[in-house]
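Here's the structure, in structure tokens; my notes come after.
Numbering (the numbering used here), first residue to last: -15 to 181.
In structure tokens, the structure reads:
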């Protein structure tokens, strides 16, 4: 399967599952505990119908909106995810470039694999920083000041990471930070060398 064969979320998920080592796939596809909330959220979205206006003309469609005082081409934000270079070699820079290209909000995590300044330099578009509060108050202050200097528009305070979440799928697959390798995970990494490209 190729990227050009992907037409919906299920296609992208199948492509990721085929290309990524299983510990990495389980991290980005998984959720906390037994993934009950993820299943409920998915079911809730499946119950939503997007009903287009018919015979209304399409020459003046405008999907843009204003989010926190900044224009966005769509009512979407590309959410921050930690350690993005684990599943794409460009990590957060790829997301920043896509957001710039398509005029979208995006965010980076406190646990980003690229620097605040490096990511901010790639876009003049709206961006937010997800701050996971650390015990080191100096580190927190430093990250906030760096975001302000780099032109970030918003700060999202994360309060659910005092301790790492219990991700049962990651416990089974062995995905940890830093990585812990098992014979099965090593085989999975070795048989999918393209995931690093």
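Cβ coordinates follow ideal geometry from the N, Cα and C atoms, glycine included. Quantities reported herein were computed from a predicted structural model and do not represent experimental measurements.
So, residue 109 versus residue 83, is the Cβ gap smaller than 8 Å? yes
Selected residue, minimal CA-CA separation from residue 119, among 143, 38 and -14: 143
Please say whether residue 105 and residue 68 have beta carbons closer to each other than 8 Å? no
For the candidate residues -7, 98 and 74, whose alpha-carbon lies nearest to that of residue 29? -7
Mind checking whether the beta-carbon of residue 27 lies closer than 7 Å to any heavy atom of the ligand FAD? Ligands displayed in this structure: none; no statement on the ligand FAD is therefore possible.
Considering only the alpha carbon of each residue, which of 72, 49 and 60 lies closest to residue 12? 72
Taking C-alpha atoms, which residue in 54, 38, 91 and 3 lies nearest to residue 76? 91
Endpoints, beta strand (DSSP E) assigned at residue 77: Looking at the DSSP string, residue 77 is not in any beta strand (DSSP E); the run it does join, the alpha helix (DSSP H), is 76 to 86.
Can you grab the Cα-Cα spacing for the pair residue 122 / residue 135, in whole Å? Their backbone Cα atoms lie some 20 Å apart in a straight line.
Using a Cβ-Cβ cut-off of 6 Å (strictly less than) and excluding sequence neighbours within five positions of residue 66, which residues of its own chain qualify? 93 and 95
So residue 89 and residue 115 are in contact, right, with Cβ under 8 Å, and what is the actual spacing, rounded? Rounded, the Cβ-Cβ distance is 16 Å, inconsistent with contact.
Do residue 7 and residue 176 have their C-beta atoms closer together than 8 Å? no
Beta-carbon gap between residue 48 and residue 54 smaller than 8 Å: no
Here's the rule: buried if 16 or more other CB atoms are within 10 angstroms of the residue's CB, otherwise exposed. What is residue 153? buried
Specify the secondary structure class of residue 109 as computed by DSSP and reduced to three states. Coil, per DSSP.
Inter-residue Cα distance where the pair is residue 133 and residue 50: 23 Å
Buried versus exposed call for residue 14 [16 or more other C-beta atoms within 10 Å across all chains shown]: buried
In whole angstroms, what is the alpha-carbon distance linking residue 81 and residue 100? 14 Å
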